[in-house]
Structures are given as C-alpha cells and as structure tokens.
Amino acid sequence: MTDPIVLFAATTLGAVGAVSAYLAVRNRLSLRIALRNIVRARGRSVLVILGLLVATAIVSGSLVVGDTVHTATVHYSYIGWGYTDEAIYGTSSSGGYLYFSSIVANSVVTASANDSRIDGVSPEIVGTVQAFDNTTGIPQTNLYLVGSNASQSAALGPFTSVSGGNPGSPAPGSIFLDKLAAQDLSASVGDSVLLYGKFAAPEKVGAIVQDDIRGGFLTAGVSGGSVFVDLATAQALQGTPQEVNFIAVTNAGSQESGVGLSSAVSASLTAALATIPGTSALSVHQVLSDSLATAQSASTSLTTIFLVFGLFSIIAGAMLIIGIFTMIAEERKGEMGMLRAVGIQRRTLVLAYYFEGLVYSAGSALAGTFAGVAAGYILLWFYVHTVPTPGFDVNVLGASFTFSSSSLITSYLVGFLLTLATVVVASVRVSRLNIVRAIRDVPEPLPPLRTYTYLAYLGGVSLAVGALLFLTTFRGSSDISYPVIGGALVILGAGLVASRFWKNRTVFTSVGAGLLLWAGVEPLHDWVLGTGHSGGIFFVFVDGVMLVAGALMIVAFNGVDLARSVERLAAGRKGATPVTRIGLAYPSRRAARTSISLTIFALVLFTIILLAVYSATLTGNLNNSVTSQSGGYTFLGISSQPIPDLPSKVATNSTLSALYSGVVPVTTGLAFVSVQGFSANPYHDNLFSAPVNTTAETSFYATNQFTFQSTDHGMSASAVMAELQSNRSVAVVDGGYAGGSGFGQAGPHPSVAPGDMIEVENPGTLAAQNVTVIGVLEESIVGGVWLNPSTAASLGYLTLNGYFLTVHPGVSSTLAAQKIKSAFYQYGLVLVDFRAILAQTTAIISGDIGLLEVFIALGLAVGIAALGILALRAVTERRHEIGTLRATGLTRPMIIKAFLVEYSFITIVGALVGGLLGLLVVYNFTISPGSSAAYAATLFVPWWNLLAVILVTGLLATLAVIGPSLRAARLPPAEAIRGVE
Amino acid sequence: MPESVVVGEEVWKVYGQGETQVPALRGINVDIRRGEMVAVMGPSGCGKTTFLNCFSGLDDITRGKVTLEGTDIHAMSDRLKTEYRARRAGFVFQSYNLLTILTAAENVEMPLLASGVRAREARPRSVEMLRELGLGDRVNHRPSELSGGQQQRVALARALVCRPAIVWADEPTGNLDEEGSRQVTSLLRQLNRDFQQTMVVVTHDPDVAAACDRTLRMRDGRFVT
C-alpha cells in the first residue's frame, strides 16, 4: 500500500465508507427506504447503473490505453538496448560516434573489473554499412554494423537464431544478420555477402538471429536491420584498426533490476573515465534508463491526450448522472411528499436518497472500471489492426495489453466520487422539498429575488477572479487557456450580476453570445492577447467547453421561439401541430433539463466532428506540406562517403538522367547550437549549407521552394535565401525552432525568432561563430541550421555528402530511389522521401485521430444512453399527462411522434451546435498565426463523413427513443390518468 | 323524447385473473339521453370511476356492450376510439390534468388540434371558450400561475371546446373549495342547458348531484334504485 494513489484511494473510500456506515447505523429507516427503492425496481436500478458507469469507463479506458502503450514502449526499450545499461561514447562532427583508441577502452574494462555491480564491459564499433548479397543479387544500404569481441560481449547475452538455437558469436569471415537485414537482402545462412564500409570485405552469413537482446541491438526492429561481426572485421571495414567508438556496459542482475543500478554505475564509470588519459570527449550515458523514461513520457502524453478529449465525454457522463438523479427525484416527489406528510423527517429522506445513490455509485464505478478495460482492449485491437505503425510490430502492442492496479483504483475512485458528488447535490435538492407542492405535483415557483441576489454575489466573485486571472496572464507566453478562462469568468460574472436587475433571457442570451465571440473569434484572441501565448490540447478543451456553453445558453433561453418557428413550419400538415407542440414544449420550456441532454450531445458531437475535420484538414493539406517541407525537391540524399560530382554522374547515366531532373549537392554535418536562455545548451542539430562553386549549387538559392513560418522584418522567402547566400553572419533554422514539435522531435528544443542571435559550433573542429537568424522554415522533417557557404567552410564543414534530388514529373519516386541507391550503394546513399514521410506521418496522425474518435464515440454512447434513459424516465414521469393527451384525442401514433419530435429536436440542435462549433475550432486553427500555415493552409471538411456521423447519431438516437415512445403510446389511458403502473 | 346517447347493456369489468379477480362493474345496464345531466354517486370503491372510464372508452370492458350515439365504442379500433373522443367527448378530471408545460389557451386548443382543426382556427376558438368561462385575462398563463378553480375552468374549457356530444366529469369539484365548487357546478349546469350536451358527472358532492337532472347510485359495481 505504498503507492500514493492506492493510499489516497483507500483513505478516501475508507472515509466515505466510515461516514456512510455511521450514518446508516444511526438512520436505519433511511437505509431501509433506500434498499427498498433499489430492490423494488431492479430493472430500473440496472438501467441507472448502466447510465452512470460511462464516465468511469472513459477514465478507465484512457488509463488502460496509457498502461498498454507504456508496456509496449518499455518492451521496445528492453529490446533496443538489451542488456546494455550504460554506454560510453563521444559524438563526432558528422553526428556519428567518435572513434577512440582500444587502449582507452581496455582501461575502462580493467577499471570496472572488480565492480560487483557491473557484469560486463564490451568495447565495440557501432556504425553503418552497405551490403550486397552475391547470392540473391540484392543490395541494401544503411544497415547497422555492430562489431564486438566474443568474450568481452558475453555479458550482453547470447544470440538466438530464428530457429531458436544458439549460433555462438560471429567469427572472422562470418557475419550474423538480424531478421530485418536478412529480409532486406533476401539472405539465407551460407550466402556470400559483400560489406562496404570505408573498405569492402567479403563475408559469409553464419546465422540469422532474432530481434531481441543481442539481435535487437540499439534500434533493430524499429528502424533498420543489423549486421553483427567480430570486432576486428568491423575495424577493418571502417578503416579504424586498434580503435572502437562505443563501450557497452551491462549491470549485474536482470534487465529490470540492472537498470536500478544505472545511476550509481554511471557515477562510478564517470569517475573512472576521469583517470584515463584521452577520454575528454567521452561521456557515460544511462541509455536504458533514459529510454525507459522516454517510454514513460510517451505513454503519459498519450494518456493525457485521451483523458483531455475524454473530458468532454466525462462531462457528458456527469450531465447524464445529474439528469438521472433529477428525474428520479422528480418521479418520487409525490411519494416523498407523502412520507414527509406522515411524519418522516427531512433528514431521513435526504439520507435515504444518499444511501441509494451510494449503492448506485459503488456499483456503477465498479462496472464502469471493468467496462473501460474492455473498451480499452477493443480500441487497441482496432488500433493494431487498422492504423499503420511502421517499424512497430502490431503483435507487440496487442500482446502488451495490460492495466495496472493503480489505474483501476484511480478509475474507480474518480467514477465513484463523481457519481457520489452528483448524488449529494441531488440530495440537497430533495432536502428543499415542499410537502404540499410535492403531494399535489405543483411545479416549483420561480426563484425569489434573494436567489438572484446570491447569484449576483457569486457573479461578483467570478468577475474578480476572472479579472485577476486575465490581467496576470494576458501578456506573455503562458498557456493561452488562462487569459481566455479569465475573460470567460468576467463575462459570466457580469451576467450573474446583471441577472439581479434584468430579465434572464436578455442577460443570459448576451452572456452566451459573449462567450461565443470570446472563445470563437480567433482574431479577437490575437488582437487582445497578442500572438506570444502557447496553446496546447488543454486549450482545445477550454475553448470547446466555452463555445458549447455559450451556444447552449442562447438555445436554452430562446428555445420557446425556436420551437414556435419549427411549429409554424409544421402547421400546414393535418395532425402535425399537436405533435410538434407537445414534442417541442418539453425541451423548449424545461430549459434546465433539456440543457443536460443538449450539452451531452453537443459536447460529444463537438469532439467527434473536430477530430474528423482536423484529420481531413491535415490530410488535405498534404501537397502544401510536401512543398514547404521539401523545398520542391523529391529526396534529400545523404551518403556516408561523399559521391564526387554527383550531378555529372547522374546527367551522364542514361537510366538516372531519364529519372532525375536535378541534383543539388549540399554540405552536411553536426552542429552544436547555443541559444540564449535554452537550458539544454548546446543543442545537437544538423547543419546544411549549399556551396556556390558550380551553377547547380548556386541555383539552389534562387530555385528552392522552401517556405518560412517567419522571417526577419517580414522579408520574402527569396530575399532570405539571397541574404543567406551573400551574408556570412546570418542563418536559417528549421521549423522546430519556432517552438512547435515538428516531425518526430522529442525532448527539449530551443526556440528562436527571426532577429535572434545563435552560436553554431562545429564539434569536430571546435570552431564557433555567432550568426543572426533571418528566417524560420516550415520544414522540420530533416531539421537543422542552414549557414552561408563561406561561414560553413570557415567552421570546417567541408564534406559535400548531401544531395537535394528532383525527379522528372510522372516518374515513380520508388523506382527513382531504387535506381540511384543501386547505382551508389557503395557510398552508403540514404534517401529521405519527403512525400512518403509526410504521407506516412499524416496516415499515422489520421490513424491516431481515428483511434481517438473511436474512443470519443464512447461519449456518443453516453449521449444515446442519456436519450434512452431520459426518455424512459420521462414516460414514467409523464404518465398522467400522456393519459390526459390520449383522453383528449391524441392517437397512439401521435404520442410516438411527439416523443420522436422531442428527442429529435435535442439530437439535431445538439449535433448542430457541436458540429458547427467543431468546424469553427478547426477553422480557427487554420487561420491561427501560431499554427503551421503549411499543414493547415486550407480547411478541408469531410462532408460525407460528417453526414455519416450525423445519420448514425440520428439513427441510434431514434433507436434509443423508439422503445420508450412505444411504451408511452401503449399506456392504457384510464390507468395512465390514475397514475397506476 | 330525446334519443339515447349512452347505453350500457350487461357491462362487466373484471380486474385481475383467476382467484384474484375483482369485479368492478357487475352487469351494468344504463340509458342516458341527449342533453341529460346525470350524476353518478356512491361510496368509495363502488366502481364510479371504472364506470366512467369504461363507458367513455378510456378503458376496455370485460363483457357486455356500450353504445355511444348509436355506435358500439368497444367494437372500434383504438384509433377510431381516440378520434371519437377527440370529436365527440370531453373530459374533466378531479386533479384538472392540465399539461403544465402549456399555457391555458394551448391546453384548451389541444383537442381541436387533435381532431384536425388548423392552428389558426383553433386559437380563436380556445380563447373564446376561455372568455366564456371568465378566463379571458388568463389565456397565456401556465397552470402553475392559476388557482385551483381557474385550473378547473381551463379543464372545463378544454372539455367543451369541441362542442362534444358527451362530457365525462370525474369528481370535477373534488379539489376545489366551496366557492370554486359552486362556480364549477353552475357552469356545468349552464353549459349543459346552453349547448344541450349530455353530461355524466361522477361525484361525492350532494350539491353537484342536486344540480343534475337525475342521480344514479352505485354500490358494489351495480346501480341501485
């Protein structure tokens, strides 16, 4: 019981249980009434529990998804690093591992020999290599090369062949391929393979090994295939005899327990390194524990996204709970009035209501917790079978399905407390019961003036808090949610104060309009708050709730006019008027209760439509994104060794010249970027520079189509490029520097704006220079800093191993990539296909959004359940009125139609409000200066999808209401009038 | 002699089944003529309300035959029965049974709309009816804004607005004070005389019975002389 969540849950539940038990013992009559109410209508009790469990299920489902993703990512951390807990390496100017003397490595081995916390230390070479399978004739670039000494690397665990045997370790002349590398080369054991590093070496495939522990070293199974060789072979391939570039350290114990020693072992190794000469560029990295921390962060992020979007459904669930208890209270009003009249104390009734709610809360939270687990499983099943997850084995995610006890307990506690809170509120309402009015079923009178006085005081508090929040946050770079909430509280507070003096309808229609304007008009935010604020997923929630609340206030306080307009439209048809009048009278004239159903539908449809439109907008803007991300080029090629004069080689090759229309070579390297105020200086980034020695190189500055998020003094893109070509003291940075997340970027990233000064250092030469940023690119797939060619050369960036390649129109990029990689595989040419990456990323984002939509659809289940339950309760509550209507001549079909009109009104208005506001939020995203113009240049509305959502919602709503409608119509009039069940 | 409007022949109504059977009406025979105002009196539980429900077509009978204006009401389908109620019957209940979400005028015009009268024609008729009953200034008030007597007059207006052939009233003064009771009784009598409508009034109130043309006394599901 050391887990704080478990402890808190146990304490809270214990306290509630103890207080309830005490109250039950002291008020046995209340307990008896409560139990009788539950038992006497078991069907209804089950229905109530089903209605109440949804909010808990959403919380539970979110946490289960987070748990499972955490398990899966942890699985990959363990696969990726195997038994390697720490790694010792330095970083070279090209971004790879720095080579150092084997003597240094052996000194580390010796220094660690007597440390009982360390099981093994293995000096290695880790790099990339190209391969050509002579047997199959297939080349493959960019394979991971891992060279290790068999005896020193024994602690890293044995290799396991794909057939399950132990193939030993790679000996000279023999290599092991992991499954992915073997698949890429179509290689089999015994194949002759030519490996190209700096030098070439013919090898035989000795074994094909599994992708775990040793076989999955570093990134295998996630990125590319791996080739395992003995250390001497690796040194020969890379031309680095007597050198290594990586030391893998294995802690004592299992994978799980060994990582616990990482901090202490790391400190010990750092101390040892300090005593060994020639190790100043090396450092100790706690690779496994860092990887596990990243996994934790990823799963937490996903859980947060699910929970934030789930919040809409949780609110919907809470509204349903309030609706259910309000109806139960209304339904029992007469009975409770009678009990009061015969001498039952008010306290007894309130407690009876509380006990009944307590049982429902406990039962529904339990059922909801497990329903959420089931929902999480179904969602993940859909995810692994429908969403593309490149490099991610779907079976891993499927097999990782798990839920922690703390998640279950948290879900139960949240669900229980949420339900209980509404029960307590409903109990307070019961406590205000007027006996005579209750017995005679007389409606509650309008609130007295003093109620509005209290509301005015509340409004004053809201005004003050809102103003304070707004004034302290409206300038600066805080989350935009805070000043926006502050503004909303001011509007609401002013409304509450005004309601003391003016009519509710005027006041709250104005408040609703104010909230809609404040939350919905994006330029208003920019004008009032400036553009410096950050915005995240929480703002989507805040904005959504305010918009929906504003719109529904307008609907609720103008519902009668809305209903009259609809009634007039139907007036021409015989028999339509009584149906529409009765059908619309309930939702338009019982605004409070209708608001519950409307809010549920509006919130859920808001979320679903927002996600659908956002997904469509991302996909629809793919072409814009490709141009801005690629600069108009098809590929960025990077070779491990420079390809001399690639433009001429391509132009003179008949195959390649038919495919490629242009090649622009660029200098690439690793840069240490220091930005003032950034905590993790220096930031390691790519460096690019286009030389101006040849026409092709020079033309880059005039012809590239890179677009900018922002430029210094609003310069045009061409002016920025011309300045970069001619001015030695300027730089251009990628979109990641705008503070956005970019593509695949993790961890802290420095933010800069045009006009800021940054320092760029070449870690290979240690030469550094301050440059002024004159433009922030849209591009963020590759990422990096662009320098003037002379500046780059003066810092020692001389390797011309990057190439922007353009294919002829209509040429298959896949074919073009295959041909150029085959032609230059010995140079280790790797291609970045901008369109493919963007398409894949968009597909993943759309897939993730789709998953989220399925999850949010649980909220739709809340809405449908709400309609069904509220309609069913309405039949019971309105028996008397239904009987009267039947007596006065309304036929059974008219009663059915009246119910359908009533709930269609709720569904349609809720869907319209939610849908339109969802569209508005995405539209705001497209025009927001804070969002990327490239990914959201144009709003794309998936009309057919939206129509499908609306139709399915309408169909399900009708199905939910048809049963209660039939039941209402079948009520025998005489019995209904008498109120007999 | 006016023609028969409500005729019952050996009408039985039995609740429950087998050993739990409770006969509420035991072979009722009755003949009520057009324009007659008849009171039905008897002790609680004698079957007065069951009589009203079964003879008005609100409830089914177990055996026998009920003829309203020459038509066997229980031989009709539910739809025809409902349409008959909309056009030819009016109901007044002890607890008024007004729809609390509708205004007085909207409550009154409901039977008109149900019988197919257009909304623009129904509204003036319902307002006129309310004026006739002294509620011209309460047309747009909700039931919760009216006194008990006013609510019962709205219920009367609703029952009479279609000029029904038969008005069925179940304890129309049961929830009213003496003054309210007197007003409603005299209204019923006046309307009966003015419009020659047949009225069947179930009541405990001897003053109401005294205002009627004749009184039928019930005991144990039978009329007694």
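Protein chains in written order, with this note's numbering: chain U, 1 to 981; chain V, 1001 to 1225.
Virtual Cβ for every residue (Gly too), placed ideally from N, Cα, C.
What you are looking at is a predicted structure, and each value in this text was computed from that prediction instead of being measured.
- Residues of chain V with a Cβ closer than 9 Å to the Cβ of TYR586 of chain U are, in chain order, ILE1101.
- For the set U:ILE600, U:LEU349, U:GLU761, U:ASN788, the Cα lying nearest the Cα of ASN681 of chain U is the one of U:GLU761.
- Check the Cα spacing between SER674 of chain U and each of U:VAL782, U:VAL666, U:TYR683: the tightest is with U:TYR683.
- Taking the Cα of PRO754 of chain U as reference, the smallest distance to any Cα among U:LEU766, U:VAL771, U:PRO763, U:THR765 is reached at U:VAL771.
- THR711 of chain U sits close to ILE774 of chain U, with the two beta carbons spaced by under 8 Å.
- Residue pairing by DSSP places GLY669 of chain U opposite U:LEU687 in a beta bridge.
- Annotation for THR953 of chain U: the continuous alpha helix (DSSP H) segment containing it runs 943-970.
- Closest option to ALA592 of chain U, judged by alpha-carbon separation, among U:TYR83, U:ASN558, U:ALA10: U:ASN558.
- In terms of beta-carbon proximity, THR1082 of chain V lines the interface with chain U, with at least one pair separated by less than 8 Å.
- Near chain V, meaning a CB-to-CB distance below 9 Å, the residues of the stretch 882-911 of chain U are GLY883, THR884, LEU885, ARG886, ALA887, THR888, GLY889, LEU890, THR891, ARG892, PRO893, MET894.
- The Cβ atoms of ALA367 of chain U and LEU53 of chain U lie closer than 8 Å to each other.
- It is roughly 15 Å from the alpha-carbon of LEU867 of chain U to the alpha-carbon of GLU877 of chain U.
- For ALA1119 of chain V, the nearest beta carbon of chain U is closer than 8 Å to its own beta carbon.
- Pairwise C-beta distances place the stretch 304-321 of chain U in contact with the stretch 416-427 of chain U, as three or more of them are shorter than 8 Å.
- Residue state for GLN709 of chain U is assigned as strand, using DSSP reduced to three classes.
- The alpha-carbon of LEU838 of chain U is positioned some 51 Å away from that of MET327 of chain U.
- The straight-line gap separating the alpha-carbon atoms of ASP543 of chain U and ARG879 of chain U is approximately 41 Å.
- In the DSSP assignment, VAL1200 of chain V falls within the unbroken beta strand (DSSP E) covering 1198-1202.
- Of all residues in the stretch 1119-1150 of chain V, only ALA1119, SER1144 come within less than 7 Å of chain U when Cβ atoms are compared, listed by chain position.
- For the stretch 100-179 of chain U, the full-length alpha helix (DSSP H) segments reaching 4 residues or more read 102-112 along the chain.
- Residues of the same chain with a CB within less than 7 Å of the CB of THR73 of chain U, apart from the 5 flanking positions on each side, are ALA295, ALA298, SER299 in chain order.
- DSSP places LYS503 of chain U in no alpha helix (DSSP H); its state is neither H nor E.
- Taken atom to atom, the span from the alpha-carbon of LYS204 of chain U to that of VAL65 of chain U is near 44 Å.
- THR698 of chain U sits in a helix when the DSSP states are folded into three classes.
- For ASP833 of chain U, the CB contacts under 8 Å within the same chain, skipping 5 residues up- and downstream, are THR634, PHE635, SER813, ALA817 in chain order.
- Just measuring C-alpha positions, the residue of U:VAL664, U:TYR360, U:LEU659, U:GLU853 sitting nearest VAL308 of chain U is U:GLU853.
- Distance between GLN1094 of chain V and SER1056 of chain V, taken at the CA atoms: about 16 Å.
- Beta-carbon to beta-carbon, LYS821 of chain U and THR135 of chain U are separated by about 19 Å, too far to satisfy the 8 Å threshold.
- Leaving aside the five residues that flank GLN1183 of chain V on each side, the residues in its chain whose CB is nearer than 7 Å to its CB run, in chain order, GLY1149.
- With a threshold of 8 Å between beta carbons, ARG590 of chain U makes contact with chain V.
- Of the candidates U:VAL384, U:SER726, U:LEU339, U:LEU339 places its Cα closest to the Cα of ILE33 of chain U.
- In terms of CA proximity to PHE355 of chain U, U:LEU31 leads the group U:GLY810, U:LEU31, U:SER780.
- The C-alpha of MET546 of chain U is placed about 54 Å away from the C-alpha of VAL126 of chain U.
- Nearest to VAL465 of chain U by alpha-carbon distance, out of U:SER477, U:LEU449, U:ILE485, U:PRO447, is U:ILE485.
- The alpha-carbon of LEU831 of chain U is positioned some 30 Å away from that of GLY190 of chain U.
- At least one beta carbon of chain U lies nearer than 8 Å to the beta carbon of LEU1113 of chain V.
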